[in-house]
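J.: Numbering (the working numbering), first residue to last: 17 to 248.
Idealized CB from N, CA, C, for every residue including glycine.
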Amino acid sequence: MLPLRVTGAMVRRRGKTLLGPIDLELAGTGLTVVIGPNGSGKTTLLRVMHGIERLTAGQIAWAVPMAEARQRQAYVFQQPTMLRRSVADNLAFPLRLSGQPQAQARETAAEWACRIGLGDALDRPALRLSGGERQKLALARALIRSPKVLFLDEPCANLDGRATRDIEALLVEVRDTGTRIVLATHDMGQARRLATEGVFLRSGQVWESGTTLLTAPQTPELAAFLKGDIVL
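1. Under 7 Å: does the beta carbon of Asp203 sit that close to some heavy atom of the ligand SAM?
2. Look at the alpha carbon of Trp128 and the alpha carbon of Thr180, and state the distance between them as a whole number of angstroms.
3. Can you say whether Ser162 is buried or exposed, counting buried as having 16 or more other CB atoms within 10 angstroms of its CB?
4. Considering only C-alpha positions, which residue in the set Leu210, Thr59, Pro141 is nearest to Gly36?
5. Going by alpha carbons, who is nearest to Arg100 out of Ala73, Arg140, Ala85?
6. If you draw a straight line from the alpha carbon of Met82 to that of Gln94, how long is it in whole angstroms?
7. Counting only runs that start and end within the stretch 188–219, where is the beta strand (DSSP E) found for 3 or more residues in a row?
8. To the nearest angstrom, report how far apart Thr201 and Asn54 are at their CA atoms.
9. To which residues of the same chain is Ala154 closer than 6 Å at the C-beta, ignoring the five residues directly before and after it?
10. Roughly how many angstroms lie between the CA atoms of Gln116 and Asp169, to the nearest whole one?
11. Should Lys243 and Arg196 be called a contact, given that it needs their Cβ atoms to be closer than 8 Å?
12. Pairing CB atoms from the stretch 62–73 with CB atoms from the stretch 23–33, are three or more of them under 8 Å?
13. Based on DSSP bridge pairs, tell me the residues matched to Leu20.
14. Can you tell me where the alpha helix (DSSP H) with Phe109 in it begins and where it stops?
15. From Thr48 to Gly205, what distance separates their C-alpha atoms?
16. So what does DSSP say about Met98, is it helix, strand or coil?
17. For Gln335, which three-state DSSP category applies?
18. Among all the DSSP beta bridges, which residues are the ones paired with Phe167?
19. If you drop the 5 nearest sequence neighbours on each side, which residues of the same chain put their C-beta closer than 7 Å to that of Arg191?
20. Check the C-beta distance from Leu18 over to Ala79 and give it rounded, since I have them as a contact under 8 Å.
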């Protein structure tokens, strides 16, 4: 379904430009990190690529029809939404939506629960999970249908080190088995651990991008940002 081409994309609200114009191509394999100051447009860019943000101008185009692209991608929000159901039911829900028989969906859900360390919590209400457990559940729910592209918006924000490590380990695993990942993060350590390429946003525009983004910045703005300086 790749490449994904974003051409002249702009998002404006109440007369303010939040993003754009953006020209960007997502291709190949690996994990792209999207970095930049707060308010630079990271979340908006992910939502545009995923197709849940209305464009003011421009377009996005997958290598397959849009209806097919929607079925083969997934998105995990910074604050994941849990169904008021058990862990097992949350995991089985996307499989049931796709028409999988209940018994098979429950079996796959149990396998994924074990994979993310919730094998003994299948019947626990999802709303009673800790923040880290909820984020792992949301990630597993997104991955359970084997998406070709996965968008993640700050998946480890406000999580402790152990939960972050577990989530990163799962991301490395799925990245290395072919799932294309786009990850917005404010954590430069995480970006360096996971990224195969990066995009640096500033004031809603792509300021710099490429495979050497984190190791050899080409602009003073990115160099300052990587040093921890305040970049507006």
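T.: Taking the coordinates as given:
1. Looking at this structure, you won't find the ligand SAM or any other ligand, since it has none at all.
2. 18 Å
3. exposed
4. Thr59
5. Arg140
6. 25 Å
7. 196–200, 213–218
8. 10 Å
9. Val92, Pro96
10. 28 Å
11. no
12. Touching, yes, given that three or more Cβ pairs across the two stretches are closer than 8 Å.
13. Leu42
14. 103–113
15. If you draw a straight line from the Cα of Thr48 to the Cα of Gly205, it comes to about 14 Å.
16. coil
17. This structure does not reach residue 335, given that the chain is present from 17 up to 248, and the question cannot be answered.
18. Answer by DSSP bridge pairing, in chain order: Tyr91, Val198.
19. Gly46, Leu47, Ile197
20. 6 Å
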